[in-house]
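Numbering (the working numbering), first residue to last: 1173 to 1405.
Have a look at this one:
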């Protein structure tokens, strides 16, 4: 397949200010659960977030995502009730000390945020044979996760918080959202403006976990051959 004239454009680094903005969005992005303001997200801003998500990379350009925008409080309360029931199941999976700490965490803002978005994956998108998916079936799910990340970063740039709710079985949402059989929910997001963000991930600030050292995670050529990071300065 030949390229039409004008399909290529010059490559090159961003300006220093542009690079700084990209890295700032990445490094200061937070999963928001309880800091939402009641301010509505304007449709023009929401459209920009969805456009950013839609520009995510996808294997074979299958673009398997769809976006369900949820504002109706009755629907959101029904989903919140499911999450609360599943949350009780999750708490029982931890030992006593961990379970008590888990129950003190606020893990969703479904009715607190002015807006919810469910990002789904249509597992039939692109047909039976998709370029690049012939040997790795789940690249459609991975591609959809890239769209989720794009939305997170665009929201950070807009001053909007996003919280990813995952404490439910995917089929729990199917009857409420009337999802067709091939479509699965990948991310249920609470979206809205926030007054403040945690300086570091909330679960780290609350001592539930901590960020791993990157130096322990990077290998060269094969497993357990650490890559030598350049010295600072």
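Every residue, glycine too, gets a C-beta built ideally from N, C-alpha and C.
Buried or exposed for residue i, please, with buried defined as at least 16 other CB atoms from any protein chain shown within 10 angstroms of its CB.
i, result
"residue 1181", "exposed"
"residue 1236", "buried"
"residue 1249", "exposed"
"residue 1284", "buried"
"residue 1245", "exposed"
"residue 1301", "exposed"
"residue 1234", "buried"
"residue 1374", "buried"
"residue 1365", "buried"
"residue 1386", "exposed"
"residue 1178", "exposed"
"residue 1184", "exposed"
"residue 1390", "exposed"
"residue 1305", "buried"
"residue 1187", "exposed"
"residue 1384", "exposed"
"residue 1319", "buried"
Take residue i and list the residues in its own chain whose beta-carbon comes closer than 6 Å to its own, dropping the five residues that flank it on each side.
i, result
"residue 1329", "1197"
"residue 1396", "none"
Nearest to residue i by CA position, among the options, is which residue?
i, options, result
"residue 1324", "1386, 1174, 1179, 1200", "1200"
"residue 1310", "1241, 1231, 1239", "1231"
"residue 1238", "1271, 1338, 1292", "1292"
"residue 1358", "1373, 1337, 1368", "1337"
"residue 1317", "1360, 1296, 1349", "1360"
"residue 1289", "1392, 1345, 1331, 1278", "1345"
"residue 1356", "1263, 1393, 1327, 1313", "1313"
"residue 1296", "1287, 1354, 1331", "1354"
"residue 1280", "1191, 1335, 1397", "1335"
"residue 1194", "1382, 1347, 1327, 1369", "1327"
"residue 1380", "1390, 1212, 1269, 1392", "1269"
"residue 1339", "1185, 1202, 1298, 1277", "1277"
"residue 1212", "1376, 1192, 1287, 1255", "1287"
"residue 1256", "1403, 1371, 1282", "1282"
"residue 1217", "1402, 1378, 1331", "1331"
"residue 1388", "1401, 1189, 1376", "1401"
Can you look up residue i in the DSSP assignment and give me helix, strand or coil?
i, result
"residue 1391", "strand"
"residue 1287", "strand"
"residue 1232", "helix"
"residue 1313", "helix"
"residue 1247", "helix"
"residue 1266", "coil"
"residue 1292", "strand"
"residue 1203", "strand"
"residue 1334", "strand"
"residue 1241", "strand"
"residue 1368", "coil"
"residue 1410", "Outside the shown range of the chain (1173 to 1405) lies residue 1410, about which nothing can therefore be said."
Tell me which residues share the same chain as residue i and place their Cβ nearer than 8 Å to its Cβ, disregarding the 5 neighbours each side in the sequence.
i, result
"residue 1367", "1207, 1209"
"residue 1341", "1258"
"residue 1263", "1271, 1274, 1275"
"residue 1369", "1200, 1202, 1204, 1207, 1333"
Go through its chain and collect everything with a Cβ distance to residue i's Cβ below 7 Å, but skip five positions before and after it.
i, result
"residue 1343", "none"
"residue 1227", "1322"
"residue 1174", "none"
"residue 1350", "none"
"residue 1348", "1247, 1250, 1251"
Inset, instruction - Check whether the region 1216-1223 touches the region 1302-1309, counting contact only when three or more Cβ pairs, one atom from each stretch, lie closer than 8 Å. - result: Verdict: no, contact absent.
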